[in-house]
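S.K.: If you scroll down you'll find the structure; I have some questions about it.
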Amino acid sequence: MIKPREEHTNETEAGERMSFIREITKNKYLYLLALPGLAFLIVFAYIPLSGHLIAFKKYRLADGLWGSKFVGFDNFKFFFMSADWYKVTFNTAFLNGLFLIFGLGIALILALFLNEIRHALFKKLAQSFIFMPYFISWLVVSMMAFAFLNTTDGMVNHTLEAYGAEKVNWYLKAEVWPAFLTLIYVWKFAGYYSIIFLAAITGISGEYYESARIDGATRFQQIIHITIPLIRSVVIVLGLLGVGRIFYGDFGMIYGIIGDNSALYSTTDVIDTYTYRALRVLSDFSKSSAVVLYQSVMGLITILIFNQIAKKIDKDSGLF
Amino acid sequence: MKKTLLSGLSVLLIMLALIGCSSNSNTPESSGNSADPESSAPASAPAEGEKLDPVTLKIILPGDRPADMDVIIEEAEKRMADTINVKLDLVFVPFSDLASKTQVMLASGEDVDLIFDAPWLHMEQMIAAGYYEPLEDLLAQYGQDAVSVRSQQMFDANKFQGKIYALPLGNSHLDGRTYLIRKDLREKYGVAPIKSYEELIAFANKIKENEKDIIPLLASGQPGQKDISWGAFRAFMTRDPEILRSDALGQSLVLHYKNNDGKVYNLFDEMDPTVWSWIEDARKLYTDGLIHPDVLAIKDANAVFESGDVAIYATNGFGVPAAMKASIPKNVPGAEVEAVTFMPLEKGKITTSFKQANFQAIPKVSKNKERAMMFLNWTAQKENYDLLAYGIEGTNYEAIGDDQYKTLPDSKYSYFPYAWVWNPTLDRLDAGLDPDAIEHLKFNTVADNLIASKLTGFSFNPEPVANEVSLYSAIEDKYYSSLFNGVSDPTETWNKLKSEGEAYLKKIQVELQKQIDEFLATK
Chain A
1 MIKPREEHTN ETEAGERMSF IREITKNKYL YLLALPGLAF LIVFAYIPLS GHLIAFKKYR
61 LADGLWGSKF VGFDNFKFFF MSADWYKVTF NTAFLNGLFL IFGLGIALIL ALFLNEIRHA
121 LFKKLAQSFI FMPYFISWLV VSMMAFAFLN TTDGMVNHTL EAYGAEKVNW YLKAEVWPAF
181 LTLIYVWKFA GYYSIIFLAA ITGISGEYYE SARIDGATRF QQIIHITIPL IRSVVIVLGL
241 LGVGRIFYGD FGMIYGIIGD NSALYSTTDV IDTYTYRALR VLSDFSKSSA VVLYQSVMGL
301 ITILIFNQIA KKIDKDSGLF
Chain B
1 MKKTLLSGLS VLLIMLALIG CSSNSNTPES SGNSADPESS APASAPAEGE KLDPVTLKII
61 LPGDRPADMD VIIEEAEKRM ADTINVKLDL VFVPFSDLAS KTQVMLASGE DVDLIFDAPW
121 LHMEQMIAAG YYEPLEDLLA QYGQDAVSVR SQQMFDANKF QGKIYALPLG NSHLDGRTYL
181 IRKDLREKYG VAPIKSYEEL IAFANKIKEN EKDIIPLLAS GQPGQKDISW GAFRAFMTRD
241 PEILRSDALG QSLVLHYKNN DGKVYNLFDE MDPTVWSWIE DARKLYTDGL IHPDVLAIKD
301 ANAVFESGDV AIYATNGFGV PAAMKASIPK NVPGAEVEAV TFMPLEKGKI TTSFKQANFQ
361 AIPKVSKNKE RAMMFLNWTA QKENYDLLAY GIEGTNYEAI GDDQYKTLPD SKYSYFPYAW
421 VWNPTLDRLD AGLDPDAIEH LKFNTVADNL IASKLTGFSF NPEPVANEVS LYSAIEDKYY
481 SSLFNGVSDP TETWNKLKSE GEAYLKKIQV ELQKQIDEFL ATK
């Protein structure tokens, strides 16, 4: 995409306005192309921003957004007054961090492996097979997890028993669940991300590899010195996008798999599931908006920090 | 660039402001209606043969549209053509969208004549927001039959802010609770029909000793169903003391009523020895391996019981649900289920507040309020009730006597009278239920068989303690289910719950007691 740059900071205001109009007329077709996307962003990303106002009001549908009483930070109390808010915040960031690192890491390895497969049919089959879990809904995943892990006739416990070990009641062992959840996440999403990486790899010009081969580089060296550096920006962009959402727990996933199992809350309770439980009785718009605002602000801060870090590492790979 | 962005944003904000303002301009309009001049002289419903102009009523119902709905509507319209002349426009809203969609319908002033609502949905909020018409005058004028098929207690108990804002729908004054038991296993070990909790546990122990692959006991481990966790469930079966859930927390026993004395008791202040014995008993059952080890992880306990892996299952309702009766023998050949309840069939033993869970309200914006009430009244006549509740006789159902029915095998009309017509007088019972369940259900349709709670008609307004309620709920959800299913050590779990939640709960208790005292003072 061509990015119109403003390179005239010293000009007068009138000149600035002129140049803005000139810019538009000059690139009108490009802007026209961007119009649907812009409209989408305005309707679904910018207008909802004003909804954050609800977080500071005692919102009642009958009174409308403006008619509702302004209550300041009152709606945040229920969350920050609880002894658990930093724990669920930590859980959210920790689980999402694990998902991000292992999800992208393993996807990258998968993409590199897939790229090295020479047999076309096998490659296609392997790719589809790895991609498949992406289409399985969390509800089904949760049933599969239960079939694996339950105490009475779960596959894992059957195996343990067959080798003479004690049965383990996994659904009471909170400490192992971050690992289980990461495993499930990787299984479900690694295929999806690997396709994106594979697309980026396919875009790399074959000439690099050709000259590398002439210079006597091994396959492994080609991967390390050509493929990885060239798709680094894709990895960073995906990583940054993930970091931006690090304070949003995947409600569908956590609630689908853990459900309301109170024995596992200590390691798996994320902001979203906690809020859901706290407000299940009251279903309060304002209080849930307050939590969403908290998540957004935290997300914004982290993405700003990580964007700076990314830019330090590689000048061109920051998001903005 | 910046300026245009700013002006663009401000245009957006102005648009939003307009949207926000327009959404609340439709409520006050017809609030004067309740003081109709005619209401002083309650006339009866239109005389026979008097034909009214045709009117189409838009009715909002929960769930999915049954396939045979149109046939039933056609028949109903034919029957009404000569009298109240109502055409039916039924709009079904799936349960998943029910809360938000109905809220938007009301807020946007959509022309709706009858709408389903419930305390578990957003009844109180919608009433507080002034969307519903009070029904006293309409009921007096056009609703004699709708009144007579319901008990006085039912109307008294389901008032909101002292007024009848919606027609209560219910076929019973008390919810049933049951232990479902695998009859085939009971007979296999020569155990006599179970009559008490001790016998129940003795049977569970027999299973434990003899059936390696069957788990003796299962209850719900989900915080959303705290009331049917194993230990807490016993409150429904125990009458001395009779411990009743509070209006503030719904399912939890930590705040409770007893002795019908209008007082709120708090287990943190003083642990009730009976409740503690339930907790300790549950712990023993769990450590002995009688309660399902994964009880907290099971999301669909019904499905687990239906799979045939469990011998005794604590659940809601009376009798064995028809679906379960059919599915268990399919999963385990030869399996049979029976229902056992220890709730008494003796007059004046059980206290109830006569609260109902489902309602039909008439929105203020409706232009056909009188006709809507006439329609509700029309549904309170036996043959019309049968049509709307069970479908067409001979096609959808077969009437058995006056008060029972059987669904015919190829009927495409599903059961949803609870959403618009339910009442204890005209309702038929499924003839497939066992006699004991039918006896219980019939017993509980008679309001006078039950003790009226002193708090009948009271409803709690959580607003003053909203923060405490959400904080405490989140804390309680961490411990309650594992405590009452015996999954964790009772003393340790209780102390954690107490140390984290006591302060919030105290505030809720004080507020609840305050509202109760105010309610009792005006009574």
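Order-wise, the sequence lines are chains A and B.
Per the UniProt record's numbering: the first sequence ends with 320, consecutive numbering throughout.
Per the UniProt record's numbering: the second sequence ends with 523, consecutive numbering throughout.
All residues carry an ideal CB built from backbone N, CA and C; glycine is no exception.
So B:THR396 and B:LEU408 are in contact, right, with Cβ under 8 Å, and what is the actual spacing, rounded?
M.R.: Looking up residue 396 of chain B in the second sequence gives position 396. Looking up residue 408 of chain B in the second sequence gives position 408. The displayed chain sequence assigns Asn, not Thr, to residue 396 of chain B. Contact holds; Cβ gap of about 6 Å.
S.K.: With burial defined as no fewer than 16 other Cβ atoms inside 10 Å of the residue's Cβ, what is the status of B:TYR418: buried or exposed?
M.R.: Position 418 of the second sequence, counted from the start, is the residue given in the question as residue 418 of chain B. When all chains shown are included, B:TYR418 counts as buried.
S.K.: Look at the Cβ atom of B:LEU217, then the Cβ atom of B:ILE312, and state whether they are nearer than 7 Å.
M.R.: The residue given as residue 217 of chain B occupies position 217 in the second sequence. The residue given as residue 312 of chain B occupies position 312 in the second sequence. Yes, these two residues count as a Cβ contact at 7 Å.
S.K.: Looking at chain B, which residues of the stretch 64 to 82 of chain A have a Cβ within less than 7 Å of any of its Cβ atoms?
M.R.: So the close ones are GLY64, LEU65, TRP66, GLY67, LYS77, PHE78, MET81 and SER82.
S.K.: Run down chain B in chain order and give the residues with a C-beta less than 8 Å from the C-beta of A:THR267.
M.R.: Taking the first residue of the first sequence as position 1, residue 267 of chain A is located at position 267. Residues of chain B passing the Cβ test: none, with the nearest at roughly 13 Å.
S.K.: With a threshold of 7 Å between beta carbons, is B:ASP294 in contact with chain A?
M.R.: Locating residue 294 of chain B in the second sequence gives position 294, where the first residue counts as 1. For B:ASP294, the answer is yes, since a Cβ of chain A falls inside 7 Å of its Cβ.
S.K.: For B:LEU497 and B:ALA431, what's the separation of their Cα atoms in angstroms?
M.R.: Position 497 of the second sequence, counted from the first residue, corresponds to residue 497 of chain B. Position 431 of the second sequence, counted from the first residue, corresponds to residue 431 of chain B. The straight-line gap from Cα to Cα measures roughly 45 Å.
S.K.: Quick one: residues in its chain with C-beta nearer than 6 Å to the C-beta of B:LEU135, no 5 flanking neighbours on either side, listed in chain order?
M.R.: The count along the second sequence starts at 1 and reaches residue 135 of chain B at position 135. Closer than 6 Å at the Cβ level, and outside the excluded window around B:LEU135, lie ILE164.
S.K.: Alpha carbon to alpha carbon, how far is B:PHE95 from B:TYR132? Give it in angstroms, no decimals.
M.R.: Numbered from its first residue, the second sequence carries residue 132 of chain B at position 132. Numbered from its first residue, the second sequence carries residue 95 of chain B at position 95. Their backbone Cα atoms lie some 21 Å apart in a straight line.
S.K.: Can you check DSSP and say which residues form a bridge with B:ASP430?
M.R.: As a working note, residue 430 of chain B is residue 430 in the second sequence. According to DSSP, B:ASP430 bridges with B:TYR405.
S.K.: Assuming B:SER172 contacts B:THR445 (C-beta within less than 8 Å), just tell me the rounded distance between them.
M.R.: By one-based count along the second sequence, residue 172 of chain B stands at place 172. By one-based count along the second sequence, residue 445 of chain B stands at place 445. That belief holds up - the Cβ atoms of B:SER172 and B:THR445 are roughly 6 Å apart, short of 8 Å.
S.K.: Under 8 Å by Cβ, that's how I've got B:ALA157 and B:PHE354 pegged, so tell me the actual separation to the nearest angstrom.
M.R.: For this step, residue 157 of chain B is matched to residue 157 along the second sequence. For this step, residue 354 of chain B is matched to residue 354 along the second sequence. Their Cβ separation, rounded to whole angstroms, is 4 Å, which keeps B:ALA157 and B:PHE354 in contact under 8 Å.
S.K.: I want to verify the contact list: residues of chain A whose CB lies under 9 Å from the CB of B:TYR313, in sequence order.
M.R.: The residue given as residue 313 of chain B occupies position 313 in the second sequence. In chain order: nothing, as chain A lies at least about 15 Å away.
S.K.: So, using beta-carbon positions, are B:LEU249 and B:ALA232 closer together than 7 Å?
M.R.: What you label residue 249 of chain B is simply residue 249 of the second sequence in a count that begins at 1. What you label residue 232 of chain B is simply residue 232 of the second sequence in a count that begins at 1. Going by C-beta atoms, B:LEU249 is not nearer than 7 Å to B:ALA232.
S.K.: Relative to the alpha-carbon of A:ILE226, which residue among A:VAL237, A:LEU240, A:GLU210 and A:LEU241 has its alpha-carbon at the smallest distance?
M.R.: As a position in the first sequence, residue 226 of chain A is number 226, starting the count at 1. The candidate whose alpha carbon is nearest that of A:ILE226 is A:GLU210.
S.K.: Quick one: residues in its chain with C-beta nearer than 7 Å to the C-beta of B:LYS382, no 5 flanking neighbours on either side, listed in chain order?
M.R.: Along the second sequence, one-based indexing puts residue 382 of chain B at 382. Only LEU426 meet the Cβ criterion.
S.K.: Where does B:PRO338 sit, in a helix, a strand or coil, going by DSSP?
M.R.: To locate residue 338 of chain B, count along the second sequence from 1; it is residue 338. Correcting the residue type first, residue 338 of chain B is Glu in the shown sequence and not Pro. Note: B:GLU338 maps to strand in three-state DSSP.
S.K.: Assuming B:LEU57 contacts B:ARG371 (C-beta within less than 8 Å), just tell me the rounded distance between them.
M.R.: Within the second sequence, residue 57 of chain B is the residue found at index 57, counting from 1. Within the second sequence, residue 371 of chain B is the residue found at index 371, counting from 1. Between B:ARG371 and B:LEU57 the Cβ distance is about 6 Å, and since that is below 8 Å, they are a contact.
S.K.: Quick check on B:LYS163 - is its C-beta less than 7 Å from some C-beta in chain A?
M.R.: Counted from its first residue, the second sequence places residue 163 of chain B at position 163. No, because no Cβ of chain A sits closer than 7 Å to the Cβ of B:LYS163.
S.K.: Just reading off the alpha helix (DSSP H) that B:ILE438 is part of, what are its end residues?
M.R.: Here residue 438 of chain B corresponds to residue number 438 of the second sequence, with the count starting at 1. From DSSP, the alpha helix (DSSP H) with B:ILE438 extends over 435 to 443.
S.K.: Determine the extent of the alpha helix (DSSP H) in which B:ASP97 is found, giving its start and end residues.
M.R.: Counting from one through the second sequence, the residue named residue 97 of chain B turns up at place 97. Counting along the chain, the alpha helix (DSSP H) containing B:ASP97 begins and ends at 95 to 107.
S.K.: Where DSSP assigns a beta bridge to B:PHE160, which residues make up the other side?
M.R.: Counted from its first residue, the second sequence places residue 160 of chain B at position 160. For B:PHE160, which the question treats as bridged, DSSP gives the partners B:LYS163.
S.K.: What do you reckon, are the CB atoms on B:LEU483 and B:THR493 nearer than 7 Å?
M.R.: On the second sequence, residue 483 of chain B is found 483 positions in, with the first residue counted as 1. On the second sequence, residue 493 of chain B is found 493 positions in, with the first residue counted as 1. Result yes, Cβ atoms of B:LEU483 and B:THR493 sit closer than 7 Å.
S.K.: For A:THR268, I'd like the list of residues in its chain whose CB is within less than 8 Å of its CB, leaving aside the five on either flank, ordered along the chain.
M.R.: Position 268 of the first sequence, counted from the start, is the residue given in the question as residue 268 of chain A. These residues qualify, in order along the chain: ASN91, LEU95, ALA174, TRP177, PRO178, LEU181, ILE254 and ILE258.
S.K.: Using 7 Å as the limit for Cβ to Cβ distance, is B:ASN33 near chain A?
M.R.: One-based indexing of the second sequence puts residue 33 of chain B at position 33. Note that B:ASN33 scores 39 on pLDDT, short of 50, meaning its location in the model is unreliable; the coordinates nonetheless yield the value given after this. Cβ-Cβ to chain A under 7 Å: no for B:ASN33.
S.K.: So, for B:GLU77: in the same chain, excluding its five sequence neighbours on each side, which residues have a beta-carbon less than 6 Å away from its beta-carbon?
M.R.: What you label residue 77 of chain B is simply residue 77 of the second sequence in a count that begins at 1. LYS87.
S.K.: Quick one: list the residues of chain A neighbouring B:ASP309, beta-carbon separation under 9 Å, in chain order.
M.R.: Position 309 of the second sequence, counting from 1, holds the residue named residue 309 of chain B. THR152 and ASP153, listed in chain order.
S.K.: Are there 16 or more other CB atoms within 10 angstroms of the CB of B:ARG65, so buried, or fewer, so exposed?
M.R.: Locating residue 65 of chain B in the second sequence gives position 65, where the first residue counts as 1. Exposed: under 16 other Cβ atoms inside 10 Å.
S.K.: Measure how close the beta-carbons of B:ILE72 and B:TYR413 come, nearest whole angstrom, since I'm counting them as under 8 Å.
M.R.: Working through the second sequence from its first residue, we reach residue 72 of chain B at position 72. Working through the second sequence from its first residue, we reach residue 413 of chain B at position 413. Right, their Cβ atoms sit about 6 Å apart.
S.K.: Cβ closer than 8 Å: which chain A residues qualify as neighbours of B:LEU471?
M.R.: Within the second sequence, the letter at position 471 stands for residue 471 of chain B. Here the neighbours are PHE78, MET81, SER82 and ALA278.
S.K.: Where do the ends of the beta strand (DSSP E) carrying B:GLN360 lie?
M.R.: Numbered from its first residue, the second sequence carries residue 360 of chain B at position 360. Taken as a continuous stretch (DSSP letters only), the beta strand (DSSP E) holding B:GLN360 covers 358 to 361.
S.K.: How would you call B:THR379, buried or exposed, if buried means at least 16 neighbouring beta carbons within 10 angstroms?
M.R.: The residue labelled residue 379 of chain B in the question sits at position 379 within the second sequence. By the 10 Å Cβ count, B:THR379 comes out buried.
S.K.: Here's the rule: buried if 16 or more other CB atoms are within 10 angstroms of the residue's CB, otherwise exposed. What is A:VAL215?
M.R.: The residue you call residue 215 of chain A lines up with position 215 of the first sequence. Val is not the amino acid found at residue 215 of chain A; the sequence shown has Asp there. Classification for A:ASP215: exposed.
S.K.: Report the neighbours of B:LYS478 on chain A: residues whose CB is nearer than 7 Å to its CB, in chain order.
M.R.: Walking along the second sequence from the start, residue 478 of chain B turns up at place 478. Correct list: SER262 and TYR265.
S.K.: Under a CB-based cut-off of 7 Å, is B:LYS78 close to chain A?
M.R.: For the purposes of this step, residue 78 of chain B is identified with residue 78 of the second sequence, where counting begins at 1. By this cut-off, B:LYS78 is not an interface position.
S.K.: Go ahead and label A:PHE70 buried or exposed: buried means 16 or more other beta carbons lie within 10 angstroms of its beta carbon, across all protein chains shown.
M.R.: Position 70 of the first sequence, counting from 1, holds the residue named residue 70 of chain A. A:PHE70 comes out exposed.
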